[in-house]
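Chemist: Numbering of the sequence shown is given in this note's numbering, commencing with residue 1 and proceeding in unit increments.
The beta carbon of each residue, even a glycine, is placed where N, CA and C say it ideally should be.
One structure coming up, written as C-alpha cells, with questions to follow.
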Amino acid sequence: MKTIKFKYLLLLLIVPGITFAEGIKGKYTKEKKINRAFSVSNNAGLDVYNKYGNVYVTTWDQDRTEIDVVIKVSGNNEDKVNRRLNSININFESTKSMVIAKTVIENFSANNISMEINYTIKIPKQGSLKLSNSYGSTVLGEINGKADITCKYGSLKLEALNSNSNSVNLKYCDSNKLGFINQGTVDAGYSDVTLTKSNTLKLQSDYSNIKIGEVSDIMVRSDYGDVTIVKGGVIAGTGRYLNFKFGSVSELLNITADYGNVNVSSIKKSLKNVAVTASYTNVDLNYEVGFNFDFEVTLRYSDLSGSDLNFTTKNEKNTSAYYKGNNGKSGQGRVYVKSEYGNVTLQQL
C-alpha cells in the first residue's frame with residue numbers, strides 16, 4: 001500500500017536522531033542485557049510499553065513472569081554510542097498480581113546513531129496482557145487471559161487470544177497475521193490484516209485490507225480498502241469506498257455500502273435474512289440451490305438481473321423500479337435490497 005509506506009517513511013524522517021538498528025551497522029556496536037523475574041499469581045497481568053524494537057511473548061506453566069531485554073546501539077562515534085546506550089533504561093513495577101515494564105529513552109541529540117530494544121517475555125498461562133509497541137514487530141503465542149494489544153509502525157503476529165475480552169489496535173502496520181481471536185475487537189488503520197478464525201468480532205478499519213478465514217458473528221465498520229470473509233455466520237456492518245467480498249454466509253447478512261462492491265459467492269439455504277442498502281455500489285448475491293426466500297428490491301438508476309425469480313410485483317419507471325416476489329417456497333428466508341446507482345444480481349448457483 002503506497003500510502004502506508006509513504007506515511008511510514010515520513011514519520012521516520014521527522015523523528016530526529018533515531019534509527020532502527022536492524023540492518024544498520026556502525027563502526028561501534030554496544031549492547032546491554034536486562035533480565036528480571038517476578039513471582040506472581042497464576043493469572044497475573046503484564047503491562048509492556050516499548051518502542052524501537054521487537055517484543056516476543058509466550059506463556060508457561062509457572063507462577064512467574066520473566067522479562068529479558070537486549071538493548072543494542074550502533075554508530076561511528078564510540079562516545080555517542082555509549083551515551084545513547086546509557087540513556088536507555090527499563091522501568092519495572094511489580095506486585096503479586098501485576099508487572100509493568102516500560103522502555104524509557106532520555107532525550108539525546110545525535111545523528112547517525114541506531115538503536116534496537118528487544119523484549120523476550122514469559123507470563124503465566126492464565127495471565128492477562130496489555131502491550132504497546134511502536135516501530136517494531138510484536139509476536140505473541142497463545143494468550144489465555146484478557147489481551148489489549150497496540151502496535152504502531154511495525155507488525156503483529158499472534159497464535160491465539162482465547163479470552164472473552166480482547167482488543168487489537170493496529171496503525172500503519174503491514175503483514176499482520178492473526179491466528180485465532182475468540183471474542184474481541186480489531187481496529188486497523190493503514191494496516192493489512194489476515195485473521196484465520198474468530199467467534200465474535202467487532203472490526204473497524206480504515207485504508208486497510210482485511211481477510212478473515214472464518215467468523216461466527218462479526219460487526220464491520222470500514223472505509224477504504226477490502227473486507228474479505230471466506231466463511232461467515234452472522235455478518236453485519238457498513239462500508240464506504242470499500243469492497244465487501246464474502247464466500248459463504250449461513251445465518252444473516254446485513255450490509256450498508258457506499259461507493260464499492262458487495263459480492264457474496266454462496267448464500268447458504270440455512271440463512272434467514274439478507275438486507276443490503278447500497279449506493280454507487282454493485283451488489284452480486286449468489287445463492288445455493290434450496291435457498292427459499294421472499295425478496296423485495298427497490299432501485300433507483302439501477303438494474304436487477306437474476307434467475308428463477310417469481311415476481312408478484314413489478315413497478316418499473318424511467319429511473320426507478322420496485323420488485324417483489326419469491327424463489328422457491330414463500331415465508332422462509334427474506335432478501336431485501338435497496339440500491340441507487342448500482343446494479344443488483346440475484347443468481348442461483
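Determine the DSSP secondary structure at V289, reduced to helix, strand or coil.
Modeler: If you number the sequence shown from 1, residue 289 lands on position 289. V289 falls in the coil class under three-state DSSP.
Chemist: Are there 16 or more other CB atoms within 10 angstroms of the CB of V262, so buried, or fewer, so exposed?
Modeler: Numbered from 1 along the sequence shown, position 262 holds the residue referred to as residue 262. Classification for V262: buried.
Chemist: Between the stretch 157-169 and the stretch 62-74, do at least 3 Cβ pairs fall closer than 8 Å?
Modeler: Output reads no: the stretch 62-74 does not touch the stretch 157-169.
Chemist: With the cut-off set at 8 Å, would you say G127 and L203 are in Cβ contact?
Modeler: Here residue 127 corresponds to residue number 127 of the sequence shown, with the count starting at 1. Here residue 203 corresponds to residue number 203 of the sequence shown, with the count starting at 1. In this structure, L203 does not lie closer than 8 Å to G127 by Cβ.
Chemist: Would T319 pass as a contact of R334 if the rule is Cβ separation under 8 Å?
Modeler: On the sequence shown, residue 319 is found 319 positions in, with the first residue counted as 1. On the sequence shown, residue 334 is found 334 positions in, with the first residue counted as 1. Contact flag unset, no.
Chemist: Among the candidates Q347, N76, S279, N169, whose CA atom is the shortest distance from the CA of T28?
Modeler: In the sequence shown, the residue the question calls residue 28 occupies position 28. Note that residue 28 corresponds to Tyr in the displayed sequence, not to Thr. Nearest of Q347, N76, S279, N169 to Y28, Cα basis: N76.
Chemist: Take the Cβ of G23 as the centre, count every other Cβ of all protein chains shown within 10 Å, and call the residue buried at 16 or more, exposed below.
Modeler: For the purposes of this step, residue 23 is taken as residue 23 along the sequence shown, with counting starting at 1. Because the pLDDT at G23 is just 47, under 50, the model does not fix this residue reliably, and the value given afterwards should be weighed accordingly. Looking at its Cβ environment, which holds fewer than 16 other Cβ atoms inside 10 Å, G23 is exposed.
Chemist: Look at I255 and G237 and say whether their C-beta atoms are less than 8 Å apart.
Modeler: Residue numbering aside, residue 255 sits at position 255 when the sequence shown is read from its first letter. Residue numbering aside, residue 237 sits at position 237 when the sequence shown is read from its first letter. Closer than 8 Å, so yes.
Chemist: Counting C-beta neighbours from all protein chains within 10 Å, is the total for D331 16 or more, i.e. buried, or is it exposed?
Modeler: Here residue 331 corresponds to residue number 331 of the sequence shown, with the count starting at 1. Note that residue 331 is Gly in the sequence shown, not Asp. Classification for G331: exposed.
Chemist: How is E106 classed by DSSP in three states: helix, strand or coil?
Modeler: Along the sequence shown, one-based indexing puts residue 106 at 106. The answer is coil: DSSP assigns E106 none of H, G, I, E or B.
Chemist: Nearest to F180 by alpha carbon, out of S167, K269, K96, K80?
Modeler: What you label residue 180 is simply residue 180 of the sequence shown in a count that begins at 1. Among S167, K269, K96, K80, the Cα nearest to that of F180 is on S167.
Chemist: Figure out for me which residue from G136, K102, K269 has the closest Cα to the Cα of E116.
Modeler: One-based indexing of the sequence shown puts residue 116 at position 116. Of G136, K102, K269, the residue nearest in Cα terms is G136.
Chemist: According to DSSP, A44 sits in a beta bridge with which residue or residues?
Modeler: Position 44 of the sequence shown holds residue 44. Answer by DSSP bridge pairing: none, since A44 is not bridged.
Chemist: Which same chain residues end up closer than 6 Å to L140 when comparing Cβ atoms and leaving out the 5 residues on each side of it in sequence?
Modeler: Looking up residue 140 in the sequence shown gives position 140. Counting only Cβ-Cβ distances below 6 Å, and skipping sequence neighbours, we find V57, L158.
Chemist: Over the uninterrupted alpha helix (DSSP H) stretch that includes N86, give me the two end residues.
Modeler: Here residue 86 refers to the residue found at position 86 when the sequence shown is read from its first residue. Looking at the DSSP string, the run of the alpha helix (DSSP H) that includes N86 is 78-86.
Chemist: Taking E288 and K272 to be in contact with their CB atoms under 8 Å, please state how far apart those CB atoms are, rounded to whole angstroms.
Modeler: Within the sequence shown, residue 288 is the residue found at index 288, counting from 1. Within the sequence shown, residue 272 is the residue found at index 272, counting from 1. About 14 Å; that fails the 8 Å criterion.
Chemist: Which class does K32 belong to by DSSP, given the choice of helix, strand or coil?
Modeler: For this step, residue 32 is matched to residue 32 along the sequence shown. The answer is strand: DSSP assigns K32 an E or B state.
Chemist: Count the other CB atoms, across all protein chains shown, that sit within 10 Å of the CB of V104; report buried if there are 16 or more and exposed otherwise.
Modeler: Taking the sequence shown and counting its residues from 1, the one referred to as residue 104 is at position 104. That one is exposed.
Chemist: Rounded to whole angstroms, what is the Cα-Cα separation between L380 and I235?
Modeler: Lying before the first or after the last residue shown, residue 380 is absent from the chain, which here runs from 1 to 349.
Chemist: When the Cα of T312 is compared with those of D294, G306, S302, which residue comes out closest?
Modeler: Taking the sequence shown and counting its residues from 1, the one referred to as residue 312 is at position 312. Checking every option, the nearest Cα to that of T312 belongs to D294.
Chemist: Have a look at S305 and V230 and give me their C-alpha separation to the nearest angstrom.
Modeler: For the purposes of this step, residue 305 is taken as residue 305 along the sequence shown, with counting starting at 1. For the purposes of this step, residue 230 is taken as residue 230 along the sequence shown, with counting starting at 1. Going by the C-alpha atoms only, they are around 24 Å apart.
Chemist: Three-state secondary structure (DSSP) at N243?
Modeler: The residue given as residue 243 occupies position 243 in the sequence shown. In this structure, N243 counts as strand in the three-state DSSP scheme.
Chemist: According to DSSP, simplified to helix, strand and coil, what is K96?
Modeler: Reading the sequence shown from its first residue, position 96 is the one you call residue 96. Here K96 sits in coil by DSSP.
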